[in-house]
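Residue numbers (full-length UniProt numbering), protein chains in the order written: chain A, 1 to 272; chain B, 1 to 272.
Okay, structure first, notes after.
Number of protein chains: 2
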Amino acid sequence: MNASPTRTVFFLSDGTGITAETLGASLLTQFDGVDFKKITLPFINTVEKARSTVEYIDFIASSGLRPMVFSTTVNEEVRAILRTSKALFADLFDTYIHAIESELGLKSTHAQGRAHGAHDQRRYNARIDAMNFAMEHDDGQSTRDMSAAQVILIAPSRCGKTPTTLYLALQHGIFATNFPITEDDLEQQKLPKSLDGLADRCFGFTSDPERLHQVRNERRPGSKYASLAQCSFELREAERLYQRHNIPYVSTATRSIEEIAAVVIQEKELQR
Amino acid sequence: MNASPTRTVFFLSDGTGITAETLGASLLTQFDGVDFKKITLPFINTVEKARSTVEYIDFIASSGLRPMVFSTTVNEEVRAILRTSKALFADLFDTYIHAIESELGLKSTHAQGRAHGAHDQRRYNARIDAMNFAMEHDDGQSTRDMSAAQVILIAPSRCGKTPTTLYLALQHGIFATNFPITEDDLEQQKLPKSLDGLADRCFGFTSDPERLHQVRNERRPGSKYASLAQCSFELREAERLYQRHNIPYVSTATRSIEEIAAVVIQEKELQR
Chain A
1 MNASPTRTVF FLSDGTGITA ETLGASLLTQ FDGVDFKKIT LPFINTVEKA
51 RSTVEYIDFI ASSGLRPMVF STTVNEEVRA ILRTSKALFA DLFDTYIHAI
101 ESELGLKSTH AQGRAHGAHD QRRYNARIDA MNFAMEHDDG QSTRDMSAAQ
151 VILIAPSRCG KTPTTLYLAL QHGIFATNFP ITEDDLEQQK LPKSLDGLAD
201 RCFGFTSDPE RLHQVRNERR PGSKYASLAQ CSFELREAER LYQRHNIPYV
251 STATRSIEEI AAVVIQEKEL QR
Chain B
1 MNASPTRTVF FLSDGTGITA ETLGASLLTQ FDGVDFKKIT LPFINTVEKA
51 RSTVEYIDFI ASSGLRPMVF STTVNEEVRA ILRTSKALFA DLFDTYIHAI
101 ESELGLKSTH AQGRAHGAHD QRRYNARIDA MNFAMEHDDG QSTRDMSAAQ
151 VILIAPSRCG KTPTTLYLAL QHGIFATNFP ITEDDLEQQK LPKSLDGLAD
201 RCFGFTSDPE RLHQVRNERR PGSKYASLAQ CSFELREAER LYQRHNIPYV
251 STATRSIEEI AAVVIQEKEL QR
């Protein structure tokens, strides 16, 4: 069987390119068996940069399949140039901005770089503060100010507490932290002492014994800690602990960090 | 002056809602002076959930301004129900999927939850590994395996090294780390000893003296460390150090984490 020819996909923006990538990537996940080559070109904020971008796209177009372009370019002059490329061209603002303008009865501001820029200082500071809080408290390192946490993730080791905590902090500015559950806690079916009075902030993670065994085995191959028996025991007892203390929980075994975070935000009704 | 009435905006998805939020939020940044109330409803993956979502939207519609809906719903049955709501309805798949299908000569798979799901195990593992690497090495805590880093961010304290490192790791699975530049390094105009032979991995941050002074002062008010004179000195000497060692650098003073990350990826041509 021959390899399928490569289809080049460009994500263009006068800002970071994050919106264009997110938009395009979501659509492309719907097509299997195509070999996409993805190129992000951020900060196309001048007519000159737009022209050289079109030259680049047209060069690719001349030597293979027609490229696809996902664009989020606020400046109309820049966008008009990009639109002349020999690619399938989809721009978020071209598509939707007029409908929203007429719904709101307002003209759009055409301000560049707003979507992922620094103009919202309050949100920026919230994210940095949340990140510092998460780093300081990770895995129960510090119990100072635990009551400042909007949510405390609890779970046996290696169920995804740390990545989810950092994601909640960095992406959403949520004050999140996490705390390990030890074998003692499990045997006594008690929450860790440092969480006294904070059960309503807690959210539990569980996993699949096979999956946890695999993850722990990569870290400490052949250890009791990584054994299937130990993983089964900890997860079973952790679930019992959550139920006993009315702590909502979710299995992280087949979920992405983004999915786990979305479940936590929804279940705990966290304000971002 | 009366407050403007609130316009409710829904982000709907059968997955996490991240794409719908990104799409909608980018468009809404183009409209100033409107009081948007944003509601994300993820995991709408059944006909029943779609129906109760429409009831909720129509309830809001009946008591105020017409809501706006940004949706990324793969399931056509679910989408058809959502489309009946009394809102301005914009769905990413409605808009673009037919053009892409005909460009590629393929039908879309209609697989739900792909955009931010866990089906790409390789990417998931890369992000976790990158995050662990970033946490272990943050701020020069460990110099083990430094050569595994794709990029090493260097800067005086409080220029944004840690949030950018964690963002590069969590968002893009990039092996990033960071290393502080001390006053000794600045006075000798030498790179830290642990970075011997790694200058080509380095990327420098600088800032604005006033901004750095403000940030440090929040942490250690009135200290020499936070003084404007000290901040000016460190930034000036850091820039001289970067130039001397041919290390590319950027000012983080007015940039968001996303913008800084996009500059680093572009300048260092980092593979994600």
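Where is the CB? At the ideal position from N, CA and C, for every residue including glycine.
Checklist entry - Considering only the beta carbon of each residue, do residue 154 of chain B and residue 204 of chain B sit closer than 9 Å? => result Here residue 154 of chain B is taken as the residue at index 154 of the second sequence, counted from 1. Here residue 204 of chain B is taken as the residue at index 204 of the second sequence, counted from 1. Yes, the pair counts as a contact, with Cβ atoms nearer than the cut-off.
Item to check | Reduced DSSP secondary structure (H/G/I, E/B, other) of residue 26 of chain A | outcome: If you number the first sequence from 1, residue 26 of chain A lands on position 26. Collapsing the DSSP output to three states places residue 26 of chain A in a helix.
Next on the checklist: Measuring only the C-alpha atoms, how far is residue 1 of chain B from residue 27 of chain B?
Outcome noted: Start at 1 with the first residue of the second sequence, and residue 1 of chain B comes out as number 1. Start at 1 with the first residue of the second sequence, and residue 27 of chain B comes out as number 27. Caution is warranted here: a pLDDT of 45 is assigned to residue 1 of chain B, below 50, making its placement in the model unreliable, and the coordinate value is therefore given only provisionally. The straight-line gap from Cα to Cα measures roughly 26 Å.
Next on the checklist: Please tell me whether, using a cut-off of 8 Å, the distance from the CB of residue 101 of chain B to the nearest non-hydrogen atom of the ligand MN is below it.
Outcome noted: This structure lacks the ligand MN; in fact it carries no ligand of any kind.
Checklist entry - Mind pulling the chain A residues with CB within less than 7 Å of residue 25 of chain B? => result In the second sequence, residue 25 of chain B corresponds to position 25, counting from 1. The contacting residues are 115.
Next on the checklist: Contact defined as beta carbons within less than 8 Å: I believe residue 150 of chain A pairs with residue 176 of chain A. What is the distance between those atoms, to the nearest angstrom?
Outcome noted: Within the first sequence, residue 150 of chain A is the residue found at index 150, counting from 1. Within the first sequence, residue 176 of chain A is the residue found at index 176, counting from 1. Their Cβ separation, rounded to whole angstroms, is 6 Å, which keeps residue 150 of chain A and residue 176 of chain A in contact under 8 Å.
Item to check | Cβ contact (3+ pairs, closer than 8 Å) linking the stretch 39-51 of chain A and the stretch 69-85 of chain A | outcome: yes
Checklist entry - From what residue to what residue does the alpha helix (DSSP H) around residue 8 of chain B run? => result Position 8 of the second sequence, counted from the first residue, corresponds to residue 8 of chain B. From DSSP, residue 8 of chain B is part of no alpha helix (DSSP H) but of the beta strand (DSSP E) over 6-13.
Item to check | Test item: CB-CB of residue 40 of chain A and residue 10 of chain A under 9 Å | outcome: Position 40 of the first sequence holds residue 40 of chain A. Position 10 of the first sequence holds residue 10 of chain A. Annotated as proximal: residue 40 of chain A and residue 10 of chain A, with beta-carbon spacing under 9 Å.
Checklist entry - Does the Cβ of residue 178 of chain A have 16 or more other Cβ atoms within 10 Å, making it buried, or fewer, making it exposed? => result Your numbering for residue 178 of chain A matches position 178 in the first sequence. Around the beta carbon of residue 178 of chain A, 16 or more other beta carbons lie within 10 angstroms, which makes this residue buried.
Checklist entry - chain A partners of residue 100 of chain B, CB-CB under 9 Å? => result For the purposes of this step, residue 100 of chain B is identified with residue 100 of the second sequence, where counting begins at 1. Within chain A, the residues near residue 100 of chain B are 27, 28, 30, 31, 68, 88, 90.
Next on the checklist: Using a 10 Å radius around the Cβ and a threshold of 16 neighbouring Cβ atoms, would you call residue 84 of chain B buried or exposed?
Outcome noted: The count along the second sequence starts at 1 and reaches residue 84 of chain B at position 84. Exposed: under 16 other Cβ atoms inside 10 Å.
Checklist entry - Does the distance from the CB of residue 67 of chain A to the CB of residue 158 of chain A come in under 9 Å? => result For the purposes of this step, residue 67 of chain A is identified with residue 67 of the first sequence, where counting begins at 1. For the purposes of this step, residue 158 of chain A is identified with residue 158 of the first sequence, where counting begins at 1. Taking 9 Å as the Cβ cut-off, residue 67 of chain A and residue 158 of chain A do not qualify as a contacting pair.
Checklist entry - Comparing alpha-carbon positions, which option in A/209, A/213, A/138, A/200 lies nearest residue 269 of chain A? => result As a first step, residue 269 of chain A is located in the first sequence; it is residue number 269 there, counting from the start. Closest option to residue 269 of chain A, Cα to Cα, is A/200.
Next on the checklist: Does the CB of residue 44 of chain B have a neighbour CB from chain A at under 9 Å?
Outcome noted: By one-based count along the second sequence, residue 44 of chain B stands at place 44. No - not a single Cβ of chain A is within 9 Å of the one on residue 44 of chain B.
Item to check | Contact residues within the stretch 235-259 of chain A, judged by C-beta distance below 8 Å to chain B | outcome: 254, 255, 256, 257, 258, 259
Next on the checklist: Just to confirm, is the Cβ distance from residue 226 of chain A to residue 211 of chain A under 9 Å?
Outcome noted: For the purposes of this step, residue 226 of chain A is identified with residue 226 of the first sequence, where counting begins at 1. For the purposes of this step, residue 211 of chain A is identified with residue 211 of the first sequence, where counting begins at 1. No, Cβ-Cβ distance for residue 226 of chain A and residue 211 of chain A is not below 9 Å.
Next on the checklist: Within 10 Å of its beta-carbon, does residue 62 of chain A have 16 or more other beta-carbons around it, so buried, or fewer, so exposed?
Outcome noted: The residue given as residue 62 of chain A occupies position 62 in the first sequence. Residue 62 of chain A is exposed by the Cβ-count criterion.
Checklist entry - Just reading off the beta strand (DSSP E) that residue 86 of chain A is part of, what are its end residues? => result Numbered from 1 along the first sequence, position 86 holds the residue referred to as residue 86 of chain A. Unbroken run through residue 86 of chain A: none, as it is neither H nor E.
Item to check | residue 99 of chain A, DSSP secondary structure in three states | outcome: To locate residue 99 of chain A, count along the first sequence from 1; it is residue 99. Residue 99 of chain A sits in a helix when the DSSP states are folded into three classes.
Next on the checklist: Can you check whether the C-beta of residue 56 of chain B is within less than 9 Å of a C-beta belonging to chain A?
Outcome noted: Residue mapping note: residue 56 of chain B aligns to position 56 of the second sequence, counting from 1. Closer than 9 Å: no.
Next on the checklist: Tell me the rounded alpha-carbon separation between residue 99 of chain B and residue 136 of chain A.
Outcome noted: Here the question's residue 99 of chain B lines up with position 99 in the second sequence. Here the question's residue 136 of chain A lines up with position 136 in the first sequence. Cα to Cα, residue 99 of chain B sits roughly 48 Å from residue 136 of chain A.
Checklist entry - For residue 59 of chain A, is the classification buried or exposed, using 16 other Cβ atoms within 10 angstroms of its Cβ as the cut-off for buried? => result Reading the first sequence from its first residue, position 59 is the one you call residue 59 of chain A. Classification of residue 59 of chain A: exposed, given that the 10 Å Cβ count is below 16.
Checklist entry - In chain B, what lies closer than 9 Å to residue 124 of chain A by C-beta? => result The sequence position of residue 124 of chain A within the first sequence is 124, counting from 1. Correct list: 256, 257.
Next on the checklist: Quick check on the DSSP output: the alpha helix (DSSP H) that includes residue 246 of chain B runs from which residue to which?
Outcome noted: The count along the second sequence starts at 1 and reaches residue 246 of chain B at position 246. Unbroken run through residue 246 of chain B: none, as it is neither H nor E.
Checklist entry - Which term fits residue 20 of chain B, buried or exposed, when burial requires 16 or more other beta carbons within 10 angstroms of its beta carbon? => result Here residue 20 of chain B is taken as the residue at index 20 of the second sequence, counted from 1. It counts as buried.
Checklist entry - So is residue 79 of chain B in contact with chain A if we call contact Cβ pairs under 9 Å? => result Numbered from its first residue, the second sequence carries residue 79 of chain B at position 79. Judged by the 9 Å Cβ criterion, residue 79 of chain B is not in contact with chain A.
Item to check | chain A residues whose Cβ lies nearer than 8 Å to that of residue 173 of chain B | outcome: Residue 173 of chain B sits at position 173 when you count from the first residue of the second sequence. By Cβ distance, chain A contributes nothing, its closest Cβ being about 11 Å from residue 173 of chain B, past 8 Å.
Checklist entry - Taking the C-alpha atoms as reference points, what is the distance between residue 80 of chain B and residue 94 of chain B? => result Locating residue 80 of chain B in the second sequence gives position 80, where the first residue counts as 1. Locating residue 94 of chain B in the second sequence gives position 94, where the first residue counts as 1. About 10 Å.
Checklist entry - residue 249 of chain B to residue 115 of chain B, Cα distance in whole Å? => result Taking the second sequence and counting its residues from 1, the one referred to as residue 249 of chain B is at position 249. Taking the second sequence and counting its residues from 1, the one referred to as residue 115 of chain B is at position 115. So the alpha carbons of these two residues sit roughly 33 Å apart.
Checklist entry - Between residue 164 of chain B and residue 260 of chain B, which are expected to be in contact by the criterion C-beta below 8 Å, what is the C-beta distance as a whole number of angstroms? => result If you number the second sequence from 1, residue 164 of chain B lands on position 164. If you number the second sequence from 1, residue 260 of chain B lands on position 260. Right, the Cβ-Cβ distance comes to about 5 Å (below 8 Å), so this counts as a contact.
Checklist entry - Taking 9 Å as the CB-CB cut-off, is residue 138 of chain A touching chain B? => result Locating residue 138 of chain A in the first sequence gives position 138, counting from the first residue. Yes, contact with chain B.
Checklist entry - Tell me which same chain residues have a C-beta within less than 7 Å of the C-beta of residue 108 of chain A, skipping the five on either side of it? => result Numbered from 1 along the first sequence, position 108 holds the residue referred to as residue 108 of chain A. Excluding sequence neighbours, residue 108 of chain A sits near 97, 101.
Next on the checklist: By the three-class DSSP mapping on this structure, what secondary structure does residue 1 of chain A have?
Outcome noted: Along the first sequence, read from residue 1 onward, the residue named residue 1 of chain A stands at position 1. In this prediction, residue 1 of chain A scores a pLDDT of 45, lower than 50, which makes its location untrustworthy; no coordinate-derived value is stated.
Checklist entry - When the cut-off is 9 Å and only beta carbons count, does residue 118 of chain A lie next to chain B? => result As a working mapping, residue 118 of chain A is identified with position 118 in the first sequence. Yes, because at least one Cβ of chain B sits closer than 9 Å to the Cβ of residue 118 of chain A.
Next on the checklist: With a threshold of 9 Å between beta-carbons, can residue 210 of chain B be considered close to chain A, or not?
Outcome noted: For the purposes of this step, residue 210 of chain B is taken as residue 210 along the second sequence, with counting starting at 1. Output row for residue 210 of chain B: interface = no.
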